[in-house]
Amino acid sequence: LRKGRGDAAFRAGNFRTAYEHYTVAIEAEPSAHLFANRCQAYLKAGKPQLALDDARRATELAPDWAKGWYRLGVALGRLQRHAEAVGALETACEHEPGNTEAAKALQVARRDTE
Numbered sequence: 002l003r004k005g006r007g008d009a010a011f012r013a014g015n016f017r018t019a020y021e022h023y024t025v026a027i028e029a030e031p032s033a034h035l036f037a038n039r040c041q042a043y044l045k046a047g048k049p050q051l052a053l054d055d056a057r058r059a060t061e062l063a064p065d066w067a068k069g070w071y072r073l074g075v076a077l078g079r080l081q082r083h084a085e086a087v088g089a090l091e092t093a094c095e096h097e098p099g100n101t102e103a104a105k106a107l108q109v110a111r112r113d114t115e
């Protein structure tokens, strides 16, 4: 229920409301998907450090899930930690080779390390 409300708030651009709903959902039943969703809401709300914390939790809970690594790479990039972002995005691409979003983000992160 709270995840659905978080998703609806996110789609409406209400990122603070979204991460608040995801927080309640995480407290009830933590999952990599919920941490990744809240990570994205934090990124959109301009809270990259909180996003980074959630992305790390997502990768801990689901180490083979490309989206968690992608979110981690994006959060690291927002924090200007480009070399670390490259590593996370490479892992995302290894787990899901056809993920064009992760591949594009990896190109940007590599460029930003130069």
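If you count the sequence shown from 1, position 16 lands on 17 in my numbering, and the numbers rise without skipping.
We treat Cβ as the ideally placed atom computed from N, Cα and C, and that holds for glycine.
How is residue i classed by DSSP in three states: helix, strand or coil?
i	result
Ala13	coil
Lys48	coil
Gly88	helix
Ala63	coil
Arg112	helix
Gly99	coil
Glu30	coil
Arg82	coil
Leu2	coil
For residue i, collect the residues of the same chain with a Cβ closer than 8 Å to its Cβ; drop the 5 residues on either side in sequence, then sort them by chain order.
i	result
His96	Asp65, Trp66, Ala67, Trp70
Glu102	Tyr71
Please go through the same chain and pick out, in chain order, the residues whose beta-carbon is closer than 6 Å to the beta-carbon of residue i, but skip the five residues on each side of it.
i	result
Ala52	Cys40, Tyr43, Leu44, Ala76
Phe11	Ala19, Ala42
Ile27	Leu35
Please go through the same chain and pick out, in chain order, the residues whose beta-carbon is closer than 7 Å to the beta-carbon of residue i, but skip the five residues on each side of it.
i	result
Glu91	Leu107
Measuring CB atoms only, is the stretch 34 to 43 touching the stretch 8 to 23, in the sense that at least three cross pairs come out at less than 8 Å?
With a cut-off of 8 Å, the stretch 8 to 23 and the stretch 34 to 43 count as touching, because enough Cβ pairs lie within range.
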